[in-house]
Amino acid sequence: MGGSEEVAQGSDGARVAVVVVGAPVGDDSAAPPPAAAPGAAPAVTPGEEAAKRESLLAAAAAAAAECKQEAAAAATGLQAMAVTVARDVEAGGLDASTSGAADEKPSWFTPKRLLVMFCLINMLNYVDRGAIASNGVNGSRQSCTGGTCTSGSGIQGDFNLNNFEDGVLSSAFMVGLLIASPIFASLAKIHNPFRLIGVGLLVWTIATAGCGCSFDFWSITICRMLVGVGEASFISLAAPFIDDNAPAAQKTAWLAMFYMCIPTGIAVGYVYGGLVGNSLHWRAAFWGESILMLPFVILGFVIKPLELKGFNHSVKTKEYGEMLNPEQQDETKQDIMFGGITIVCGIFGTLSGGFILDKIDSTISNAFKLLSGATFLGAIFCFGAFCFKSLYGFIPFFSVGELLVFATQAPVNYVCLHCVKPSLRPLSMAMSTVAIHIFGDVPSSPLVGLLQDKIHNWRSTALTLTSILFIAAIFWFIGIFVRSVDRFNEQSEHDVPAVERSNLRPLLDENEEARAS
Numbered sequence: 010m011g012g013s014e015e016v017a018q019g020s021d022g023a024r025v026a027v028v029v030v031g032a033p034v035g036d037d038s039a040a041p042p043p044a045a046a047p048g049a050a051p052a053v054t055p056g057e058e059a060a061k062r063e064s065l066l067a068a069a070a071a072a073a074a075e076c077k078q079e080a081a082a083a084a085t086g087l088q089a090m091a092v093t094v095a096r097d098v099e100a101g102g103l104d105a106s107t108s109g110a111a112d113e114k115p116s117w118f119t120p121k122r123l124l125v126m127f128c129l130i131n132m133l134n135y136v137d138r139g140a141i142a143s144n145g146v147n148g149s150r151q152s153c154t155g156g157t158c159t160s161g162s163g164i165q166g167d168f169n170l171n172n173f174e175d176g177v178l179s180s181a182f183m184v185g186l187l188i189a190s191p192i193f194a195s196l197a198k199i200h201n202p203f204r205l206i207g208v209g210l211l212v213w214t215i216a217t218a219g220c221g222c223s224f225d226f227w228s229i230t231i232c233r234m235l236v237g238v239g240e241a242s243f244i245s246l247a248a249p250f251i252d253d254n255a256p257a258a259q260k261t262a263w264l265a266m267f268y269m270c271i272p273t274g275i276a277v278g279y280v281y282g283g284l285v286g287n288s289l290h291w292r293a294a295f296w297g298e299s300i301l302m303l304p305f306v307i308l309g310f311v312i313k314p315l316e317l318k319g320f321n322h323s324v325k326t327k328e329y330g331e332m333l334n335p336e337q338q339d340e341t342k343q344d345i346m347f348g349g350i351t352i353v354c355g356i357f358g359t360l361s362g363g364f365i366l367d368k369i370d371s372t373i374s375n376a377f378k379l380l381s382g383a384t385f386l387g388a389i390f391c392f393g394a395f396c397f398k399s400l401y402g403f404i405p406f407f408s409v410g411e412l413l414v415f416a417t418q419a420p421v422n423y424v425c426l427h428c429v430k431p432s433l434r435p436l437s438m439a440m441s442t443v444a445i446h447i448f449g450d451v452p453s454s455p456l457v458g459l460l461q462d463k464i465h466n467w468r469s470t471a472l473t474l475t476s477i478l479f480i481a482a483i484f485w486f487i488g489i490f491v492r493s494v495d496r497f498n499e500q501s502e503h504d505v506p507a508v509e510r511s512n513l514r515p516l517l518d519e520n521e522e523a524r525a526s
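Each position in the sequence shown, counted from 1, maps to that position plus 9 in our numbering.
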């Protein structure tokens, strides 16, 4: 039985083989009787000839029936094959359409990898904060006492900054942060937030390298503003990513680990800036930060991005060629000592705040209770520490005070993330950070410099600043009695499908009827 095979190319790229059965089967009635061969033997008797003819006709009919059965079986097989191919093509098409679903996680992703990566980036951000405040980077101005003058060092020495300019420099990043934070929070609605973090880290890397290349007060001030722009995307968007991917029973603890990197980074930066600035140069400290951040910038643009819920898209060293004198060495040791205290207290304080909130049931009301209690007790210990004239009394009181103050990190961010809808969390974190800086380190550095220039008494200045913690404790205490609603699981309007939104509308909507008419 003859046939042919054709291969058809489908619209979705599937190849379908079709077998065409085309051998015609003759009608048994049209089959001519076999002709007698020339020179054959004489014909037999009529009865024998009739019997032979009947046997030949029966054989032909049997052959025709067999061919028809084979053709029917072939047709049935082709029909079954067609159904199978159709099902395979349909299934393949569905798989192809759903293989790139937005809710699938990238191959590189695990929640712990995300946490580690964001913690390292956050730490580098605050290493920069600590480095610019360190003696090795910030340095000191030229001073003359009793007819003896000492040369300046660091940024202050190179650019001859006064206390006010030095205070402005340490707060200049907030200008960029204030402007860029709401912008990045808004862009997250139309652009992938993970890619926005990569853009921000690129700006941060270029700006920190620019700080190392600055030539006067204004050039480094502009670079510090750009550092704030780069940091704005990360501080606004990182915490919501962690909140989305952390285990449900450990969300606060994971956020505590993330924000633990703030005091740790500042303390490490203080030590890093002192060591690098004194051994190499203050500019090298900024260049080192850029190099350390560069791998995360590359990852931010190369790896497949995540989606965010709520959105659909002790050796003497030389400085300037001169050996450090013993007085400068003692000052460096005291920087290192306070940096170590801040590292230990920052780690344990931030972690304890998160774990305690998880243990007492993570609610907004309990977060305010923890905030008010920790802030009030921390204020008492920090205030008492600055009243001591002995270092042995200061260190234990100040350590306990730092431990309690850092315990407020996790509860603060829990409130910011859970008092708004999921889609507003980046904006909430941006505004929280802006408020922290605009009422904290932005005015504090210039005001402390002016206050110290007026009264020339560091103890009075420290006690004045510490007293502000008592005011903060009062505000946290008021928050306990304010009605609060946890909106973490609340769907925003653009997250709900149109059909569901229509089902949620009242049946008798006068405005809708008026528009329809």
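Even for Gly, the Cβ is constructed at its ideal location relative to N, Cα and C.
Looking at the C-beta of T217, does it have a partner C-beta in chain C at a distance below 7 Å? No chain C appears in this structure, which consists of one protein chain only.
Do you know offhand how far W263's Cα is from N422's? 11 Å
For the beta strand (DSSP E) holding C158, just list the boundary residues, first then last. 157-159
Would you decide whether G209 is buried or exposed? Buried here means 16 or more other CB atoms lie within 10 Å of its CB. buried
Could you pull out every unbroken beta strand (DSSP E) segment of at least 3 residues lying fully inside the stretch 137-219, listed in chain order? 152-154, 157-159
Should S179 and V443 be called a contact, given that it needs their Cβ atoms to be closer than 7 Å? no
Inspect the beta-carbon positions of F406 and P314 and report whether they are closer than 7 Å. no
Could you give the uninterrupted runs of the beta strand (DSSP E) lying entirely in the stretch 390-438, keeping only those of 3 residues or more? none
Do you know how far the Cα of G382 is from the Cα of F1? As shown, the chain starts at 10 and ends at 526. That puts residue 1 outside it, with no answer to give.
Counting C-beta neighbours from all protein chains within 10 Å, is the total for H465 16 or more, i.e. buried, or is it exposed? exposed
Return the chain-ordered list of same chain residues with a C-beta closer than 7 Å to the C-beta of N254, the five sequence neighbours on each side being excluded. P120, L123
Alpha carbon to alpha carbon, how far is I389 from P455? 25 Å
Considering only residues of the same chain and omitting the five flanking positions on each side of T384, which have a CB-CB separation below 8 Å? L413, V414, T417, L478, A481, A482, W485
Does the distance from the C-beta atom of M269 to that of I356 stay below 7 Å? yes
Smallest Cα separation from F397: which of V409, I350, R468, T359? R468
Rounded to whole angstroms, what's the CA-CA distance from S476 to A439? Just pull it up for me. 27 Å
Output the distance between the C-alpha atoms of L187 and L380, rounded to the nearest integer angstrom. 25 Å
Secondary structure at R122, three-state DSSP: helix, strand or coil? helix
Given 8 Å, three or more beta-carbon pairs between the stretch 304-311 and the stretch 237-249: no
Selection from L360, K378, S152, S408 that minimises the alpha carbon distance to I487: K378
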